[in-house]
Every structure is written in structure tokens, then in C-alpha cells.
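Okay, structure first, notes after.
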Amino acid sequence: MQVLSNARGLTRILKPQILLNSVPSDHKLIIYSQCQSLHSYSSRSLPSSGNYCFATVRDVMYSRTSKGSFCTASGGESAATEAVKKIYDDIIDSVNVRRTMAPNAWLWSLIENCKTREDIKLLFDALENLRRFRLSNLRIHDNFNCNLCREVTKACARLGAVDFGKKALWNHNMYGLTPSVASANHLLLYAKQHNDVKLMVEVMKLLERNHIPLQPSTADLVSSICYNSDNWELISKYSRKFLKAGVKLRRHAFDLWMDFAAKRGDTESLWKTEKVRSESMKQHTLVSAFSCAKGLILEGKPLDAAAVIQVLDQTLPDTKKSGMVVELQKLVNEWPMAVVKHQKEENRKALAAVLKSGIPAMVNGLPNMGVEAKVNLEDLAVKEEIPC
1 MQVLSNARGL
11 TRILKPQILL
21 NSVPSDHKLI
31 IYSQCQSLHS
41 YSSRSLPSSG
51 NYCFATVRDV
61 MYSRTSKGSF
71 CTASGGESAA
81 TEAVKKIYDD
91 IIDSVNVRRT
101 MAPNAWLWSL
111 IENCKTREDI
121 KLLFDALENL
131 RRFRLSNLRI
141 HDNFNCNLCR
151 EVTKACARLG
161 AVDFGKKALW
171 NHNMYGLTPS
181 VASANHLLLY
191 AKQHNDVKLM
201 VEVMKLLERN
211 HIPLQPSTAD
221 LVSSICYNSD
231 NWELISKYSR
241 KFLKAGVKLR
251 RHAFDLWMDF
261 AAKRGDTESL
271 WKTEKVRSES
281 MKQHTLVSAF
291 SCAKGLILEG
301 KPLDAAAVIQ
311 VLDQTLPDTK
321 KSGMVVELQK
331 LVNEWPMAVV
341 KHQKEENRKA
351 LAAVLKSGIP
361 AMVNGLPNMG
371 VEAKVNLEDL
381 AVKEEIPC
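Going by UniProt numbering, the residue at position 229 of the sequence shown is 229; the numbering climbs one at a time, nothing skipped.
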């Protein structure tokens with residue numbers, strides 16, 4: 001009798017496991033729910049469709065285990081905010097336990113509430129779970145729209161989680177994100193604010209590998225980063241890339257390229273850039289005009305340089321003419337030292353002589369052309385640092 005009692009007890013213990021493993025695969029459907037269509041008229045709508053969702057016992061057990069293990073890992077760091085953890089738990093519970101698509105508003109709220117790097121980790125895990133649910137249960141193979149990717153990378157940049165942001169720039173990613181140049185620009189803006197040339201290079205490589213078209217805004221950001229870091233090689237490299245890609249560049253990018261070339265005394269690059277600029281823009285900006293004037297001074301043509309300033313004086317709005325005085329003074333007391341510094345040691349003396357004669361000649365020629373030039377040439381004359 002004791003043996004029989006033990007056998008019955010053992011049967012009760014093993015019975016659930018035997019039943020789970022013995023049910024045919026086509027009869028394992030235990031959850032049946034109607035998934036609501038989540039179409040929205042706002043730009044924040046995420047692609048979805050009405051469909052029937054099924055889950056197996058194994059799916060539910062796996063999802064619960066997956067969720068538990070992830071939360072344990074994050075809990076140890078205890079840096080995620082309560083609001084984000086609450087929304088994350090709701091999303092995971094919806095798609096992995098109740099097997100219904102989470103409302104769009106939850107995901108957008110999760111993005112907006114991210115305040116720490118751990119929040120970003122939870123965000124990306126939620127995205128991965130949502131994509132898996134859309135693919136396996138709703139049979140939706142399309143990614144989320146690009147607006148979502150833009151806001152995700154914006155959040156990553158805001159919190160310094162750029163490694164996560166870079167993951168969003170891959171065309172084939174596990175998060176269902178659709179990369180765009182707008183998303184990349186958030187990371188480039190972060191790189192500009194932190195003078196992070198390495199990040200800029202990595203983002204540009206990702207854009208190229210994933211065939212994301214370059215835009216004028218990208219050129220502005222990249223040019224600024226290269227200019228601020230005094231990296232002539234990179235600005236030359238990327239200027240060629242932008243031109244080859246047919247990007248319609250804006251004045252800001254041209255100004256940076258030309259000013260950088262003038263600061264280095266590279267007249268060849270200066271005139272090449274001016275040729276491209278003049279094909280799309282008829283009028284000079286303050287920076288582009290003075291860059292051309294500097295190039296002419298370097299070539300020993302001070303009166304031609306004065307003529308460029310005269311044309312600028314005639315076309316520039318009155319509200320911006322005060323900037324001419326500032327640029328003229330910078331040409332006298334800042335530019336000479338900068339351009340000499342960028343030359344080889346053996347060329348500095350000859351260049352200094354050209355500047356000491358050419359700059360006063362240009363400034364003195366301006367009044368004869370009807371341009372009032374209030375510039376203190378003593379700032380140039382007393383520059384003992386410039387070798388003679």
C-alpha cells in the first residue's frame with residue numbers, strides 16, 4: 001500500500017510536465033485575443049494592424065523568464081527611474097504575458113521619461129520585445145516609422161548613451177527602428193557639443209554603410225566639428241564626400257571651408273571652394289568675402305582684395321555692415337598670426353613680409369574705393385611675434 005501511495009504521489013507531481021510535453025504542437029494554443037488596430041493620425045503613429053494573436057505555454061514561460069532575468073540585471077544597478085520601470089513593465093506584460101500590442105502612447109511616454117542610461121537600456125529592451133511581438137504575432141515585417149527612431153536617438157544623445165544611439169542607425173537592427181539622417185544629426189550635434197571627432201567619424205561611417213543619404217544639415221554639423229577641432233584633413237575629406245554626393249550645401253558650410261582654407265594659407269583649396277560656392281550663390285557672406293580677400297593678399301594682390309570688400313560693402317544690408325569693421329580688425333590683428341603658424345618654418349619669413357606689406361595696402365586702398373575703414377593698423381605694425 002505504501003508503494004502504491006508513493007506512486008500516485010509521484011504521478012501527481014509529474015503530471016503537469018507530462019501534459020505540457022505531450023500536447024501536439026498544433027494544439028498548444030492557449031491564449032486567443034483580438035489585437036486592436038493602432039493606426040493613429042498623428043506623426044507619432046506606429047505601424048500596426050488588426051490581427052489575431054496566439055501564444056503557447058512555452059512562449060509565456062519563456063517570456064516571463066526573459067523578463068525576470070532582465071529586471072534582475074537592471075535592478076542590481078538601481079539607476080533606472082521609477083516612471084520608466086513602470087512603463088517598461090506594462091509594455092513587457094502586455095506583449096509577453098497578455099499577448100496584446102501595447103498602446104503607442106506607452107512607448108512615446110517611455111522615451112520622454114528617460115533620464116538615465118539605465119532608462120535607455122530598458123527602452124531598447126522594450127523596443128526589441130515590441131518588434132518581436134509585431135513580427136511573430138501580428139506578422140508585421142515593417143519597421144516602426146522614422147519619427148520614432150529620431151526621438152530614440154535624440155533621447156540617447158540627451159543622456160550621453162551614444163553607443164545605443166549608434167545601434168539605431170543600422171538598417172537591419174533588432175529594435176524595429178528605421179534610421180534616417182535626422183537621427184544621425186542628433187548624434188552629430190552631441191559630437192559637436194563635446195568636440196568628439198571620433199564619434200563624428202563613426203556616425204559618418206554608419207551613414208555610408210547603411211546607405212543613408214547625406215543632407216545639408218549633416219554637412220553643417222560635420223564642418224563645424226572639423227573646424228572647431230582644427231582638423232583640416234577631415235574637413236577636406238568630408239567636403240569631397242558631400243560634393244560627390246550632390247548635397248546642396250548651405251552658406252554655413254561654405255563659410256567654414258573657406259575660412260579654414262584662408263587660415264591655413266591654402267589658396268588652392270580656397271579658390272576651388274569659392275568656385276563651387278559661386279555656382280549656387282551669387283552674393284558673398286561676410287566670411288566668404290573676407291576669405292577671398294585674404295586669399296588675394298596671400299597672392300600679393302592687395303588692391304584686388306580691397307575690391308572684393310568694396311563689392312561686399314555695396315551688397316551687404318545696412319544691418320550687417322557693422323560686421324565689416326569687426327572682420328577687418330580680425331584680418332589685421334588675428335589672421336596674420338594664424339596663417340603664419342600653419343606654414344612650414346622655412347616659409348614663415350617670406351609670408352610674414354607679404355602680410356606686412358599687403359594688409360596695409362589693402363586697408364589704405366579701401367577709402368579710395370568709397371569704403372570707410374576704421375581699422376587700427378598699429379595692431380599689425382607692433383606684432384613682434386611675426387618674424388621679418
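Just so you know, even glycine gets a beta-carbon here, dropped at the ideal spot from N, CA and C.
DSSP places Glu112 in the uninterrupted alpha helix (DSSP H) bounded by Asn104 to Asn113. Leaving aside the five residues that flank Leu107 on each side, none in its chain has a CB nearer than 6 Å to its CB. DSSP, read as helix, strand or coil, puts Tyr88 in helix.
Cα atoms of Met101 and Ser180: separation of roughly 25 Å, rounded to the nearest angstrom. For Gly323, the CB contacts under 7 Å within the same chain, skipping 5 residues up- and downstream, are Leu286 in chain order. Using a 10 angstroms sphere on the CB of Glu378, the tally of other CB atoms stays under 16, which defines it as exposed.
In the DSSP assignment, Leu214 falls outside any alpha helix (DSSP H), carrying neither H nor E. Proximity to Leu187 across Arg99, Arg150 and Trp335 peaks at Arg150, based on C-alpha coordinates.
Counting along the chain, the unbroken alpha helix (DSSP H) around Ser239 starts and ends at Trp232 to Lys244. Shown here, Phe144 sits in coil according to DSSP, grouped into three states, outside any helix or strand.
With fewer than three CB-CB distances shorter than 8 Å, the region 229 to 246 does not count as touching the region 307 to 319. Here Arg98 carries a coil assignment [DSSP, helix/strand/coil]. For Lys244 and Leu256, the gap between their C-alpha atoms comes out near 18 Å.
Between Asp93 and the set Asn129, Arg348, Gly165 and Thr81, the nearest pair of CA atoms involves Asn129.
The beta carbon of Val84 sits closer than 7 Å to those of Leu110, Asn113, Cys114, Asp119 and Leu122, all from its chain and outside the five residues before and after it, given in chain order. The way I'd put it, the region 248 to 267 does touch the region 280 to 296; three or more beta-carbon pairs between them come closer than 8 Å.
Taking Asn185 as the centre and dropping the five residues before and after it, the same chain places the C-beta of Ser217, Thr218 and Leu221 closer than 7 Å to its C-beta, in chain order. For Trp271, the enclosing alpha helix (DSSP H) has its first and last residue at Thr267 to Ser280. Across the set Thr178, Ile225 and His194, the C-alpha of Thr178 shows the shortest separation from the C-alpha of His211. By the 16-neighbour rule on beta-carbons within 10 angstroms, Val325 is exposed. Per DSSP, reduced to three states, the secondary structure at Asn171 is coil, with no helix or strand assignment. In this structure Leu380 does not touch Pro367 by the C-beta definition: roughly 17 Å separates them, more than the 8 Å allowed. If you keep only unbroken alpha helix (DSSP H) runs of at least 4 residues inside the region 276 to 364, you get 286 to 298, 302 to 315, 322 to 333 and 335 to 341. In the DSSP assignment, Lys248 falls outside any alpha helix (DSSP H), carrying neither H nor E. Apart from the 5 residues on each side of it in sequence, Arg277 sits with its Cβ closer than 6 Å to the Cβ of Phe254 in its chain, given in chain order. The beta carbon of Leu355 sits closer than 6 Å to those of Pro336, all from its chain and outside the five residues before and after it, given in chain order.
Classified as buried, Pro302 has 16 or more neighbouring CB atoms from the shown chains inside 10 Å of its CB. When the beta-carbon positions are compared, Gly176 and Arg139 stay at least 9 Å from each other.
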